[in-house]
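2 protein chains.
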Amino acid sequence: MKPRILEVRENILKKNDELARSLRDEFAGHGTYVVNVVSSPGAGKTELLAVLMRLLTTQGVRVGAVVGDLATENDAKRLAATGCRAEQILTGTMCHLEADMVETALADFDLEATDLLFIENVGNLVCPQSWDLGEDLRILLFPSTEGEDKPLKYPTLINTCDRVIFSKMDLAGAVEFDLETARRNCETVRPGIATMETSARTGEGVDELAEFFRARVEEKRSTAVSL
Amino acid sequence: MKPRILEVRENILKKNDELARSLRDEFAGHGTYVVNVVSSPGAGKTELLAVLMRLLTTQGVRVGAVVGDLATENDAKRLAATGCRAEQILTGTMCHLEADMVETALADFDLEATDLLFIENVGNLVCPQSWDLGEDLRILLFPSTEGEDKPLKYPTLINTCDRVIFSKMDLAGAVEFDLETARRNCETVRPGIATMETSARTGEGVDELAEFFRARVEEKRSTAVSL
Numbered sequence: 001m002k003p004r005i006l007e008v009r010e011n012i013l014k015k016n017d018e019l020a021r022s023l024r025d026e027f028a029g030h031g032t033y034v035v036n037v038v039s040s041p042g043a044g045k046t047e048l049l050a051v052l053m054r055l056l057t058t059q060g061v062r063v064g065a066v067v068g069d070l071a072t073e074n075d076a077k078r079l080a081a082t083g084c085r086a087e088q089i090l091t092g093t094m095c096h097l098e099a100d101m102v103e104t105a106l107a108d109f110d111l112e113a114t115d116l117l118f119i120e121n122v123g124n125l126v127c128p129q130s131w132d133l134g135e136d137l138r139i140l141l142f143p144s145t146e147g148e149d150k151p152l153k154y155p156t157l158i159n160t161c162d163r164v165i166f167s168k169m170d171l172a173g174a175v176e177f178d179l180e181t182a183r184r185n186c187e188t189v190r191p192g193i194a195t196m197e198t199s200a201r202t203g204e205g206v207d208e209l210a211e212f213f214r215a216r217v218e219e220k221r222s223t224a225v226s227l
Numbered sequence: 228m229k230p231r232i233l234e235v236r237e238n239i240l241k242k243n244d245e246l247a248r249s250l251r252d253e254f255a256g257h258g259t260y261v262v263n264v265v266s267s268p269g270a271g272k273t274e275l276l277a278v279l280m281r282l283l284t285t286q287g288v289r290v291g292a293v294v295g296d297l298a299t300e301n302d303a304k305r306l307a308a309t310g311c312r313a314e315q316i317l318t319g320t321m322c323h324l325e326a327d328m329v330e331t332a333l334a335d336f337d338l339e340a341t342d343l344l345f346i347e348n349v350g351n352l353v354c355p356q357s358w359d360l361g362e363d364l365r366i367l368l369f370p371s372t373e374g375e376d377k378p379l380k381y382p383t384l385i386n387t388c389d390r391v392i393f394s395k396m397d398l399a400g401a402v403e404f405d406l407e408t409a410r411r412n413c414e415t416v417r418p419g420i421a422t423m424e425t426s427a428r429t430g431e432g433v434d435e436l437a438e439f440f441r442a443r444v445e446e447k448r449s450t451a452v453s454l
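Protein sequence lines, in the order shown, are assigned to chains A and B. The first sequence begins at 1 in the working numbering and counts up one residue at a time. The second sequence begins at 228 in the working numbering and counts up one residue at a time.
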């Protein structure tokens, strides 16, 4: 017999996965490409997304965002200041986003007019790993300020992600961040995982990342049309 | 009737609280002052503790540490390099420490010869909040690199902590960290909470913090003797 707590947890995760699947179908129906952005608190998710959203908008991509925090609407306000639609999800004491929170936040969202949706998760390197939000891609931000060994310390999250973005690279010198070691540590945990370096402040890697998302958006749009 | 998941969670927390109470009694019996250190990943807990442990050792305080991570023994190795006893707790996929993990890690620990025990929690600004580890004091590190609004975003954790330490203050200039705003945000969430500024790299605030712990250790020793 399974222990009771494990059984309860499995049921909750199963319910989340079913809802995530229906969200994924909905996103596919509208041709909306969805990115789940995870990191620890203060890794620069909001700052990087704001820069990307401004740039992508000028390139004709219609971007939206939902953002999870325990408290405050600060991040949604910062993202809405880009001119894009941004919704705050307040999680209270919850340490991660779940599919039903995303569904609720999207209730008044015009997905048909959204090519690219960013879901900025609650800052946490552990708990978001088990929760599918219906995304196409999950990216993980590691800021240079957190040091090189984070990939080794959070292997499970890396194993659920599609791509690692080293953020705050403008501070790499000041904190003596060794990019090669950090990359090698990612490779150790997850051989072949793609990594990129960015700085929202200097703009390093931002064009490249925008181009990466633009290509995914176009790919998804063309698939949606052909369905 | 309570929902089933809530009931299960309450039972687990209750069991943890009972064990934490017995740990607290044990610490009191040995006159060991115990500090639970929480922060997000990469906030500089290990670096600050290593500097403190070296300093306190030269001042005659017998310090030990247990440190929680999902994977790797890196942090226990860094703390053991100070010459103090340090034990690693590997949590696997768990996002926080619980009292039973601390109890297990202390099995071979000589508490009688330990005046001050640091428990370095898993890097996470949400989940450790509900788990009493039998500590005397819970401190929360906010690095300057995470920005000023973290206190507002993680109110529950601040409300379970006794003191906020702003860490990595040597980087405050580079990241344009506004200390007054950060302090005000702490005060908004938790009026009267004490804050301090530190930098493990430049040594800022380290003497003051060591003195703070030394006073607590002496207070606890004198209480233990008089029991």
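Just so it is clear, CB atoms sit at the ideal spot from N, CA and C, and this is done for glycine as well.
Inset, instruction - Could you tell me which of A:ASN74, A:LEU97, A:ASN185 and A:LEU55 sits nearest to LEU13 of chain A, measuring between CA atoms? - result: Position 13 of the first sequence holds residue 13 of chain A. Out of A:ASN74, A:LEU97, A:ASN185 and A:LEU55, A:LEU97 has the C-alpha closest to the C-alpha of LEU13 of chain A.
Inset, instruction - Select from A:ASP207, A:ALA80 and A:TYR33 the residue whose C-alpha is nearest the C-alpha of GLN59 of chain A. - result: Here residue 59 of chain A is taken as the residue at index 59 of the first sequence, counted from 1. Considering only alpha carbons, the answer is A:ASP207.
Inset, instruction - Report the residue from A:VAL175, A:ASN16 and A:GLU204 whose alpha carbon sits nearest the alpha carbon of LEU52 of chain A. - result: The residue given as residue 52 of chain A occupies position 52 in the first sequence. The residue with the shortest Cα to Cα distance from LEU52 of chain A is A:GLU204.
Inset, instruction - Note down the Cα distance separating HIS30 of chain A from GLU18 of chain A, rounded to an integer number of angstroms. - result: On the first sequence, residue 30 of chain A is found 30 positions in, with the first residue counted as 1. On the first sequence, residue 18 of chain A is found 18 positions in, with the first residue counted as 1. Computed Cα separation, rounded: 19 angstroms.
Inset, instruction - Report the partner residues of MET423 of chain B according to the DSSP bridge assignment. - result: In the second sequence, residue 423 of chain B corresponds to position 196, counting from 1. Looking at the DSSP assignment, MET423 of chain B forms a beta bridge with B:ILE392.
Legend entry - Per-residue DSSP class, three states only, for ASP69 of chain A: Taking the first sequence and counting its residues from 1, the one referred to as residue 69 of chain A is at position 69. DSSP places ASP69 of chain A within a strand segment (E or B) once states are collapsed to three.
Inset, instruction - Put PRO370 of chain B into one of helix, strand or coil per three-state DSSP. - result: Counting from 1 along the second sequence, the entry for residue 370 of chain B is found at position 143. Strand at PRO370 of chain B.
Inset, instruction - With DSSP collapsed to three states, give me the class of ALA86 of chain A. - result: Reading the first sequence from its first residue, position 86 is the one you call residue 86 of chain A. In the structure shown, ALA86 of chain A sits in a strand (DSSP, three-state: E or B).
Legend entry - Local conformation of LEU333 of chain B per DSSP, three classes: By one-based count along the second sequence, residue 333 of chain B stands at place 106. Residue state for LEU333 of chain B is assigned as coil, using DSSP reduced to three classes.
Legend entry - Residue range of the alpha helix (DSSP H) that includes PHE27 of chain A: Working through the first sequence from its first residue, we reach residue 27 of chain A at position 27. In the DSSP annotation of this structure, the continuous segment of the alpha helix (DSSP H) that includes PHE27 of chain A starts and ends at 4-30.
Legend entry - PHE166 of chain A to LEU137 of chain A span [Cα, whole Å]: For the purposes of this step, residue 166 of chain A is identified with residue 166 of the first sequence, where counting begins at 1. For the purposes of this step, residue 137 of chain A is identified with residue 137 of the first sequence, where counting begins at 1. Distance between the alpha carbons of PHE166 of chain A and LEU137 of chain A is about 16 angstroms.
Legend entry - CB of LEU140 of chain A within 7 angstroms of CB of VAL164 of chain A, strictly: Within the first sequence, numbered from 1, the residue matching residue 140 of chain A stands at position 140. Within the first sequence, numbered from 1, the residue matching residue 164 of chain A stands at position 164. Going by C-beta atoms, LEU140 of chain A is nearer than 7 angstroms to VAL164 of chain A.
Inset, instruction - Examine chain A for any beta-carbon lying closer than 7 angstroms to the beta-carbon of ASN386 of chain B, and answer yes or no. - result: For the purposes of this step, residue 386 of chain B is taken as the residue at position 159 of the second sequence. Chain A has no Cβ within less than 7 angstroms of the Cβ of ASN386 of chain B.
Inset, instruction - Leaving aside the five residues before and after LEU384 of chain B along the sequence, list all residues of the same chain whose C-beta is less than 8 angstroms from its C-beta, in chain order. - result: Taking the second sequence and counting its residues from 1, one reaches residue 384 of chain B at position 157. VAL265, LEU352, VAL353, PRO355, GLN356 and LEU367.
Legend entry - ASN301 of chain B: first and last residue of the uninterrupted alpha helix (DSSP H) it sits in: Locating residue 301 of chain B in the second sequence gives position 74, where the first residue counts as 1. Where ASN301 of chain B is concerned, the enclosing alpha helix (DSSP H) stretches over 301-307.
Legend entry - Residues from the segment 81-101 of chain A in contact with chain B, defined by Cβ distance under 8 angstroms: Flagged, chain order: THR93, MET94 and CYS95.
Legend entry - Residue span of the beta strand (DSSP E) that contains ASN36 of chain A, given as start and end: By 1-based counting over the first sequence, the position of residue 36 of chain A is 36. In the DSSP assignment, ASN36 of chain A falls within the beta strand (DSSP E) that extends over 33-38.
Inset, instruction - Would you kindly work out how many angstroms separate the C-alpha atoms of CYS95 of chain A and THR72 of chain A, rounded to a whole number? - result: The residue given as residue 95 of chain A occupies position 95 in the first sequence. The residue given as residue 72 of chain A occupies position 72 in the first sequence. Taking the straight line from one Cα to the other gives about 14 angstroms.
Legend entry - Cut-off 6 angstroms between Cβ atoms - residues of its own chain near TYR33 of chain A, not counting five sequence neighbours on either side: Translated into positions along the first sequence, residue 33 of chain A becomes position 33. So the list reads LEU116, ASP136, ARG216, VAL217 and LYS220, once near-sequence residues are dropped.
Inset, instruction - Could you list which residues in chain A have their beta carbon closer than 8 angstroms to that of ILE239 of chain B, in chain order? - result: By 1-based counting over the second sequence, the position of residue 239 of chain B is 12. Correct list: ILE5.
Inset, instruction - Please report how far the alpha carbon of ALA224 of chain A lies from the alpha carbon of LEU90 of chain A, in whole angstroms. - result: Working through the first sequence from its first residue, we reach residue 224 of chain A at position 224. Working through the first sequence from its first residue, we reach residue 90 of chain A at position 90. Their Cα atoms are separated by approximately 31 angstroms.
Inset, instruction - Check the Cβ-Cβ distances between VAL176 of chain A and every residue of chain B, and say whether any is below 7 angstroms. - result: To locate residue 176 of chain A, count along the first sequence from 1; it is residue 176. In the sequence as displayed, the identity of residue 176 of chain A is Glu instead of Val. The beta-carbon of GLU176 of chain A is placed no less than 7 angstroms from the nearest beta-carbon of chain B.
Legend entry - Nearest to ASP252 of chain B (by Cα), restricted to the options B:LEU233, B:ARG231, B:ALA326 and B:ASP302: Counted from its first residue, the second sequence places residue 252 of chain B at position 25. Cα-wise, what sits closest to ASP252 of chain B is B:ALA326.
Legend entry - Proximity of PRO382 of chain B and CYS413 of chain B at Cβ, strictly below 7 angstroms: Mapped onto the second sequence, residue 382 of chain B falls at position 155. Mapped onto the second sequence, residue 413 of chain B falls at position 186. When the beta-carbon positions are compared, PRO382 of chain B and CYS413 of chain B stay at least 7 angstroms from each other.
Inset, instruction - Go ahead and pull the three-state DSSP assignment for PHE212 of chain A. - result: Looking up residue 212 of chain A in the first sequence gives position 212. If DSSP states are grouped into helix, strand and coil, PHE212 of chain A belongs with the helices.
Inset, instruction - Run the proximity test for THR341 of chain B: is its beta-carbon closer than 6 angstroms to any non-hydrogen atom belonging to the ligand ZN? - result: Questions concerning the ligand ZN fall outside what the structure shown contains, since it holds no ligand whatsoever.
Inset, instruction - At 8 angstroms on the CB atoms, spell out the chain A contacts of LEU398 of chain B, in chain order. - result: Position 171 of the second sequence, counted from the first residue, corresponds to residue 398 of chain B. Within 8 angstroms Cβ-Cβ: THR145, LEU171, ALA174 and VAL175.
Inset, instruction - On a CA-only basis, which of A:LYS153, A:SER144, A:ARG183 and A:VAL61 is nearest ALA194 of chain A? Give me that one, please. - result: Counting from 1 along the first sequence, the entry for residue 194 of chain A is found at position 194. Here the closest residue by C-alpha is A:ARG183.
Inset, instruction - Spell out the partners DSSP gives VAL290 of chain B in its beta bridges. - result: Counting from 1 along the second sequence, the entry for residue 290 of chain B is found at position 63. In DSSP, VAL290 of chain B forms a bridge with B:LEU343.
Legend entry - Of the residues A:ARG9, A:GLN88 and A:ASP132, the one placed nearest ASP75 of chain A, counting alpha carbons only: Stepping through the first sequence from its first residue, residue 75 of chain A is reached at position 75. When only C-alpha atoms are compared, the closest one is A:GLN88.
Legend entry - Where LEU97 of chain A sits in the DSSP three-state scheme: As a first step, residue 97 of chain A is located in the first sequence; it is residue number 97 there, counting from the start. LEU97 of chain A sits in coil when the DSSP states are folded into three classes, being neither helix nor strand.
Inset, instruction - Check whether the Cβ of LYS77 of chain A lies closer than 7 angstroms to any Cβ atom in chain B. - result: The residue you call residue 77 of chain A lines up with position 77 of the first sequence. So, not an interface residue.
Legend entry - Contact residues within the segment 253-269 of chain B, judged by C-beta distance below 7 angstroms to chain A: Listed in chain order, the positions of the segment 253-269 of chain B with a beta carbon within less than 7 angstroms of a beta carbon of chain A are SER267, PRO268 and GLY269.
Legend entry - Identity of the residue in B:LYS242, B:ALA308 and B:ARG312 nearest LEU336 of chain B by Cα: Residue mapping note: residue 336 of chain B aligns to position 109 of the second sequence, counting from 1. In the sequence on display, residue 336 of chain B carries Phe and not Leu. When only C-alpha atoms are compared, the closest one is B:ARG312.
Inset, instruction - Per DSSP, which residues does LEU364 of chain B bridge with? Please list them. - result: Translated into positions along the second sequence, residue 364 of chain B becomes position 137. Answer is B:VAL262, bridged to LEU364 of chain B.
Legend entry - Delimiting residues of the alpha helix (DSSP H) encompassing GLU148 of chain A: Here residue 148 of chain A is taken as the residue at index 148 of the first sequence, counted from 1. Looking at the DSSP string, GLU148 of chain A is not in any alpha helix (DSSP H), and its letter there is neither H nor E.
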